[in-house]
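As you go down the protein sequences, you meet chains A and C in turn. Under the working numbering, the letters of the first sequence match residues 90 to 305, in that order. Under the working numbering, the letters of the second sequence match residues 161 to 782, in that order. For reference, the structure is listed below as structure tokens.
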Amino acid sequence: MRVRIRFEKTGIMRYVGHLDLMRFFQKAVKRSGLPIRYSEGFNPHQIMSFASPLGVGLTSEGEYMDIDIKEEVASAKGIASLNENMVEGLAITSFKYLPDNAEKCMSAVTAASYIVTYKDSKDDACYIDNICDLKEKFFDEAAAINIVKKTKKGERELDLKPLIYRFNIEVKDGVPVYDLLLLPEFDELTLDIHRVDMFTGEAYSFVSLGDIGDEH
Amino acid sequence: MKKLALPDDILMQIDKPARYIGNEFNSVIKNPADVDIRFAMCFPDVYEVGMSHLGIAILYDMLNKREDTYCERVYSPWPDLHNLMKERDIPLFALESQDPIKDFDFIGMTLQYEMCYTNILQILDLAGVALLTKDRENNDPIVVVGGPCATNPEPIADFVDLVYVGEGETSYPILLELYKKHKASGFDRAAFLREASKIPGIYVPSLYEVTYKESDGTIESFKPIYDDVPATIERQVVKDMDSSSYPTKMLIPFVRAIQDRVILEIQRGCIRGCRFCQAGMIYRPNREKSVEVLKAQAKELLASTGHEEISLSSLSSSDYHALGELMDFLIDDCLSEGVNVSLPSLRIDAFSLDVMSKVQDVRKSSITFAPEAGSQRMRNVINKGLTVEDILGGATLAFKGGWNKVKLYFMLGLPSETDEDMKAIPQLANDIAAAYYETVPKDQRQGRCQITISTSFFVPKPFTPFQWAPMYEAGEYLRRAKVVNDEMKAQLNQKSLKYNWHHSDVTVLEGVFARGDRRLCPAILDAYNSGCFFDAWGEYFDFDKWLAAFEKNNISIDYYAYRQRDLDEILPWDFIDCHVSKNFLKKEWNNAMAGNVTPNCKMGCSGCGSAKIGSGVCHNAR
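Here you go:
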């Protein structure tokens, strides 16, 4: 039986990297007593996979992992037994049984939404109108947003425009809040980046990874 | 959200920020306002090393069981963070509360190896606490150290207020009660230290005076300044391991620790009496836990940590009386649940190979032998009760069982070692390779066998029969490594052999500290001030800075490391009573020089002196 678990990674847990987080979850699942399935072979490991890794420094309320369990556990009980084994900044928010044909979260994810704010936003407040104007020119009216992407093999030009599915600016408490829906790989250290959710499916008909499956 | 001592921009630019945020599962959170004593427990090395240490885990659990005490952890900030903290004046903090440790009642540090001495100064320096005990004021924290190097604390005598000599489980409650009493009635630092010096196992370096002979600079006298301060400090040991405090939970670090597993201490001390081994002497007598207690602790710790591996910890696991029963239990109860069992410090025999084949992938793992010396003569000198038949027999069994990788550990530079003894190391490795080709038919071999030889350079340690032995200069160690390397190339099976050896500069320095005295303190301080710390890490070790610090302070490496000490000399650590008597050590030194083997504690008592503890192997029926 495959279960999709949605969780939050917030606060000081932003400083814990993805590999360390995976090891934390392996031990947390073990402590929780959930009947997780192990792989066959000499070094059995828990069958557990994560959707897109979240970079160090980012927070999220829409993280996902899929696990295989040997017998059914009520969703509410699954959530409770895992939450007993979390630390501050990690919380399980859903526990749903996946249909047999559901794609693994790791390969299913095609987009993610983010809320982006400046870490130090006091100066921004004066320029809200400017920022909205700039965004219109930079994004709404632009045919392409060309950047140079550095990779291990060298540099190449890349057009960001088709990779950004949504880009809105809202004003909350007098400061701009950027709402973005784009490819899941995203990293920038001068900004506070909070992932809201991850999605599967095709552009403009995305479905939240958390909307697949049912509670039992 | 939990408060952090470090700002976001620092956490985002340093390596592994999760080292510094605390928040680990099973860490203890208390309200500092609810306790009388705040204790910062430091491991003066990087987080991943310190988090693997069992002693700290035991004391952290034990101290936090007290309602009046909040014990928090501190590890050495890595140089990247060290520089930023200095630059921005951020005081060193404890992981749990993230509060500056300068405001704590105690700063405790464990001394696991000599090369951490500058890191003690780093911790005090970053904390904003005076480096020298004489400069500390009434309200500064009490700096206390313990651990194996506390059996010769003299090289750091000027930096510490108290030294806890021995196993922490016994005297800490008495020390904390005394502190509370003094704190409640207007704390006076000097008065507290004076009273603390009377607690069993507590040594207050500032209350002792050392004089030196003009003729050769050796110690003339070592005595307390006041009549009511004891002249001898008795090392503290736990008498009953079963009832001794042991954690039921262990912290789960986010950053992978070196020991990412449950550590189950099955016994303390060792029956073997290898003459180079300090642990084998100072942890006497050998004291075992009962198998029932171990089964319960194993189950509880696996459940509370979620670790998928459990490792048995002791100096020589094969000597544990009920190893078979314990292993059967672990294999039957734990393996099915996806938990691995790892077994360090095992003697290679039919039993251990059978166990190992059950718990590990034979094709991938290697068998480890620690013959420590290549020739039988040399093994007799060091009292390593292992014959060439034991080694070749064990290796042959392992080859039959499917292993084809063997690791061999040796020491170079042992007392009385000759070139013949050095050459015997690769010769033994060659014989093991030959045993492989004789044992495993050609069609069953998966390529060559792989025999890896590692040598470290011997460092004489206090409270061992070799405490009087001379060391060699760095160049001589490398010559010895070359003798081994050249001889290896002359072996028939040289293509199956591989040789690794250690650097020798750090060995010499370790030798100076191990048997040093308090005249070294100014040099260690100068070395730290000139930028030495993390000396145990090759990339930060700077021998030239150390040589400069020694020169400035008239420290002769020759005096501390290379000379043969007289058996009647007053040694800097003679004021500590480790239960093993000096007479026994002298007798063992003479036995070593004569090549005589001394039986292990289970075969017969050799009268080392530790029987006076009144428990352990000395009092078990043989």
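We put the CB at the ideal spot given by N, CA and C, even for glycine.
**Item:** Whether I431(C) touches K162(C) by CB criterion (8 Å)
**Value:** Reading the second sequence from its first residue, position 271 is the one you call residue 431(C). Reading the second sequence from its first residue, position 2 is the one you call residue 162(C). Not closer than 8 Å, so no.
**Request:** Output yes or no for whether 8 Å exceeds the beta carbon distance between I181(A) and L171(A).
**Result:** Along the first sequence, one-based indexing puts residue 181(A) at 92. Along the first sequence, one-based indexing puts residue 171(A) at 82. Yes, the Cβ-Cβ distance between I181(A) and L171(A) is below 8 Å.
**Asked** Where does N500(C) sit, in a helix, a strand or coil, going by DSSP?
**Response** The residue labelled residue 500(C) in the question sits at position 340 within the second sequence. Look at N500(C) here: in three-state DSSP terms it is strand.
**Item:** Cross-chain neighbours of V415(C) in chain B, by beta carbon under 9 Å
**Value:** In the displayed structure, chain B is absent; the protein chains listed are A and C.
**Item:** Proximal chain A residues relative to P407(C), where beta-carbon distance stays under 9 Å
**Value:** Residue mapping note: residue 407(C) aligns to position 247 of the second sequence, counting from 1. Going along chain A, no residue has its Cβ under 9 Å from P407(C), so there is no contact; the nearest lies around 15 Å.
**Prompt:** Which of the three DSSP states, helix, strand or coil, is assigned to D276(A)?
**Reply:** Residue numbering aside, residue 276(A) sits at position 187 when the first sequence is read from its first letter. Note that D276(A) has pLDDT 48, beneath the 50 cutoff, so the model's placement of it is unreliable and the number below is only indicative. In the displayed model, D276(A) falls within coil according to three-state DSSP, outside both helix and strand.
**Asked** So is C437(C) buried or exposed if we call it buried at 16+ other beta carbons inside 10 Å?
**Response** Within the second sequence, numbered from 1, the residue matching residue 437(C) stands at position 277. Under a 10 Å Cβ-count criterion, C437(C) is classified as buried, with 16 or more other Cβ atoms of the shown protein chains found around its own Cβ.
**Message:** Give me, in chain order, the residues of the same chain whose beta-carbon lies closer than 6 Å to that of F694(C); leave out the 5 immediate sequence neighbours on both sides.
**Reply:** Here residue 694(C) refers to the residue found at position 534 of the second sequence. Within the same chain, F694(C) has close Cβ partners Y700.
**Asked** Can you find at least 3 beta carbon pairs, one from the stretch 713-725 of chain C and one from the stretch 628-646 of chain C, that sit closer than 8 Å?
**Response** At 8 Å Cβ cutoff, the stretches touch.
**Prompt:** Under a CB-based cut-off of 8 Å, is M211(C) close to chain A?
**Reply:** Start at 1 with the first residue of the second sequence, and residue 211(C) comes out as number 51. The beta carbon of M211(C) does not come within 8 Å of any beta carbon belonging to chain A, so the residue lies off that interface.
**Message:** Excluding the 5 residues flanking S138(A) on each side, which residues of the same chain have their C-beta closer than 6 Å to its C-beta?
**Reply:** Numbered from 1 along the first sequence, position 49 holds the residue referred to as residue 138(A). Contacts found: D155, K193 and M195.
**Prompt:** Since K261(A) sits in a beta bridge, which residues does DSSP pair it with?
**Reply:** Here the question's residue 261(A) lines up with position 172 in the first sequence. Per DSSP, V264(A).
**Neighbour list for E177(A) in chain C, Cβ cutoff strictly below 8 Å** = On the first sequence, position 88 is the one that residue 177(A) refers to. Within chain C, the residues near E177(A) are M161, K162 and N183.
**Asked** Which chain C residues sit within Cβ distance under 9 Å of Y203(A)?
**Response** For the purposes of this step, residue 203(A) is taken as residue 114 along the first sequence, with counting starting at 1. Those do not exist, as Y203(A) stays about 17 Å from chain C at its closest Cβ, beyond 9 Å.
**Asked** Any idea what DSSP makes of Y363(C), helix, strand or coil?
**Response** Numbered from 1 along the second sequence, position 203 holds the residue referred to as residue 363(C). Y363(C): strand per DSSP, three-state reduction.
**Request:** Rank V198(A), H305(A) and K226(A) by C-alpha distance to the C-alpha of I270(A) and give the top, closest one.
**Result:** One-based indexing of the first sequence puts residue 270(A) at position 181. Correcting the residue identity first, residue 270(A) is Leu in this sequence and not Ile. L270(A) has its Cα closest to that of V198(A), out of V198(A), H305(A) and K226(A).
**Request:** Closer than 8 Å by beta-carbon distance: list the chain C residues that pair up with G100(A), in chain order.
**Result:** Stepping through the first sequence from its first residue, residue 100(A) is reached at position 11. For G100(A), the chain C residues whose Cβ falls inside 8 Å of its Cβ are M161 and K162, in order along the chain.
**Asked** Under a CB-based cut-off of 8 Å, is G562(C) close to chain A?
**Response** In the second sequence, counting from the first residue as 1, residue 562(C) sits at position 402. By this cut-off, G562(C) is not an interface position.
**Request:** Would you mind telling me which residues of chain A sit closer than 8 Å to I412(C), beta carbon to beta carbon, in chain order?
**Result:** Position 252 of the second sequence, counted from the first residue, corresponds to residue 412(C). The answer, in chain order, is F113 and K116.
**Neighbour flag for P142(A) against chain C, beta carbons, 8 Å** = Here the question's residue 142(A) lines up with position 53 in the first sequence. By this cut-off, P142(A) is not an interface position.
**Partners in chain A for A178(C), counting only beta-carbon separations shorter than 8 Å** = Here residue 178(C) is taken as the residue at index 18 of the second sequence, counted from 1. Near A178(C) (Cβ distances below 8 Å), the residues of chain A are Y104, V105, G106 and D109.
**Prompt:** Where does C494(C) fall in DSSP's three states?
**Reply:** Taking the first residue of the second sequence as 1, we reach residue 494(C) at position 334. Secondary structure at C494(C): helix, using DSSP grouped into helix, strand and coil.
**Asked** When we look at the beta-carbon of R421(C) and count the other beta-carbons within 10 Å, is it buried (16 or more) or exposed?
**Response** Position 261 of the second sequence, counted from the start, is the residue given in the question as residue 421(C). Burial of R421(C) is indicated by the presence of at least 16 other C-beta atoms within 10 angstroms of its C-beta.
**Asked** Between D479(C) and the rest of its own chain, which residues show a CB-CB distance below 6 Å, the 5 nearest in sequence each way excluded?
**Response** Within the second sequence, residue 479(C) is the residue found at index 319, counting from 1. For D479(C), same chain residues with a beta-carbon under 6 Å away, outside a window of 5 residues either side, are I431 in chain order.
**Asked** If you measure from the beta carbon of A456(C) to each beta carbon in chain A, is any gap under 8 Å?
**Response** The residue given as residue 456(C) occupies position 296 in the second sequence. Chain A, which has no Cβ nearer than 8 Å to the Cβ of A456(C), makes this no.
**Asked** So is L244(C) in contact with chain A if we call contact Cβ pairs under 8 Å?
**Response** Position 84 of the second sequence, counting from 1, holds the residue named residue 244(C). Not one chain A Cβ lies under 8 Å of L244(C).
**Message:** Determine, for M516(C), whether the minimum Cβ-Cβ distance to residues of chain A falls below 8 Å.
**Reply:** For the purposes of this step, residue 516(C) is taken as the residue at position 356 of the second sequence. No, because no Cβ of chain A sits closer than 8 Å to the Cβ of M516(C).
**Asked** From H779(C), T392(C) and G561(C), pick the residue whose C-alpha is nearest to that of W733(C); which is it?
**Response** Translated into the one-based positions of the second sequence, residue 733(C) becomes position 573. Nearest in C-alpha terms to W733(C), of all of H779(C), T392(C) and G561(C), is T392(C).
**Asked** Apart from the five residues just before and just after G248(A), which ones in its own chain have a Cβ nearer than 7 Å to its Cβ?
**Response** In the first sequence, residue 248(A) corresponds to position 159, counting from 1. Reading off the sequence, residue 248(A) comes out as Asp, not Gly. Answer for D248(A): A233, I234 and N235, listed in chain order.
**Asked** By Cβ distance below 6 Å, which residues in the same chain neighbour A191(A) in space, the five residues on each side in sequence not counted?
**Response** Your numbering for residue 191(A) matches position 102 in the first sequence. Listed in chain order, the non-local C-beta contacts of A191(A) below 6 Å within the same chain comprise I301, local neighbours out to five positions each way being set aside.
**Message:** I'd like to know if K159(A) contacts chain C, where contact means its C-beta is closer than 8 Å to some C-beta of that chain.
**Reply:** Numbered from 1 along the first sequence, position 70 holds the residue referred to as residue 159(A). Judged by the 8 Å Cβ criterion, K159(A) is not in contact with chain C.
**Item:** Residues near V126(C) in its chain [Cβ-Cβ closer than 7 Å; skip 5 each side]
**Value:** Absent from the model: residue 126(C). The displayed extent of chain C is 161 to 782, so no value can be given.
**Prompt:** Where do the N-terminal and C-terminal ends of the alpha helix (DSSP H) with S614(C) fall, by residue?
**Reply:** In the second sequence, counting from the first residue as 1, residue 614(C) sits at position 454. It is not in any alpha helix (DSSP H) - S614(C) instead sits in the beta strand (DSSP E) that spans Q610 to F617.
**Item:** Within chain A, partners of H467(C) - CB distance below 8 Å
**Value:** Translated into positions along the second sequence, residue 467(C) becomes position 307. The contacting residues are K116 and K119.
**Message:** Any heavy atom of the ligand MG inside 7 Å of the beta-carbon of L552(C)?
**Reply:** The model depicted lacks the ligand MG and carries no ligand whatsoever.
**Message:** Let me see if you follow: with CB-CB separation under 8 Å, is P133(A) close to chain C or not?
**Reply:** Mapped onto the first sequence, residue 133(A) falls at position 44. Residue contact with chain C for P133(A): present (Cβ-Cβ distance below 8 Å to some residue of chain C).
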